[in-house]
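Residue numbers (our numbering): 48 to 364. All residues carry an ideal CB built from backbone N, CA and C; glycine is no exception. This structure is a prediction, so every number in the text was calculated from the model and none was measured. Report on one structure; see the data block that follows.
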């Protein structure tokens, strides 16, 4: 198995902020909104009902969702009871959030199958094609060869965008002008096998989970990949835009029911994104969160780590 958590090779490029710093910067909007409410709630360092009410409002406003908010506050209250009145509620809330999202922290790995086929799905605008380009770069930095399959044959711009990423990363792109997206996937797997490629990243057309005919097309693509290579796709990732808030949770449920998700990629955890939807997913439909993205840079996509996320959203100090 190939472990994604191994560090990428050092680069000669100018030093950038560390991943932790970029994550904190990306979640600053969420953190700043929560921080004011948390500071106000804990102004007396006492977890009374008034503080809990203020925290509840803040967490729901950050897209944590009612179910996850109730779980966090119940956990916080119990931790506070055990720790005593001298405990710092902020540290306790940080620990409660970390434990809540820890089940999403998956050991994402590339298996032994060659080619290893990763199918990516998502609604239009979620950042799916861009995430594929970033993931291709990540894989290359780990010493793996990559091929891209332009399965979004409905939107010419998607093929062109994927071609740009292919050129930028120096990887081949299998595409067709129109036609059957499942056929593109079949051709891509055959080409990868013939060329000795390690990983195929299969793009699919953006669709809403309410569009039954398009979801059926997604199921067809999955079946055809299995015919091209028994066992494929070996991973099915759903790309989510964090700015969609609680709607992201509905997407997880719908796509999981349709194609059986093995992981998630949450993009755009910056700007106006509230970030709390990660907690909602962990509580209501915990599909492993493989990667998170916090910017437009090619290396702004990294494996999800619960402790890093909790520290960025609700600092312990």
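For residue 275, the enclosing alpha helix (DSSP H) begins and ends at 259-275. Fewer than three beta-carbon pairs drawn from the region 124-137 and the region 341-358 are found closer than 8 Å, and the two stretches are therefore not classed as touching. Annotation for residue 231: 196, 197, 198, 200, 221, 222 and 223 place their beta carbon closer than 7 Å to its own, counting only its chain and skipping 5 residues before and after. When the alpha-carbon of residue 237 is set against those of 139, 146, 272 and 205, the nearest one is in 272. Secondary structure note for residue 247: its beta strand (DSSP E) is the uninterrupted segment 246-251. For residue 231, the enclosing alpha helix (DSSP H) has its first and last residue at 228-242. Put simply, the region 237-246 does not touch the region 262-272. Fewer than three CB pairs are less than 8 Å apart.
Put simply, the region 154-164 touches the region 268-284. At least three CB pairs are less than 8 Å apart. Of 308, 352 and 340, the smallest CA-CA separation from residue 165 is found for 308. If you keep only unbroken alpha helix (DSSP H) runs of at least 4 residues inside the region 157-236, you get 175-188 and 203-216. In the structure shown, residue 345 falls within a coil segment according to DSSP collapsed to helix, strand and coil. In the DSSP assignment, residue 337 falls outside any alpha helix (DSSP H) and lies within the beta strand (DSSP E) extending over 336-340. For residue 278, the secondary structure class from DSSP, reduced to helix, strand or coil, is coil. The residue from 81, 162, 124 and 97 with its alpha-carbon nearest to that of residue 277 is 162. Between the alpha carbons of residue 66 and residue 313 lies a gap of roughly 16 Å. Here residue 307 carries a coil assignment [DSSP, helix/strand/coil].
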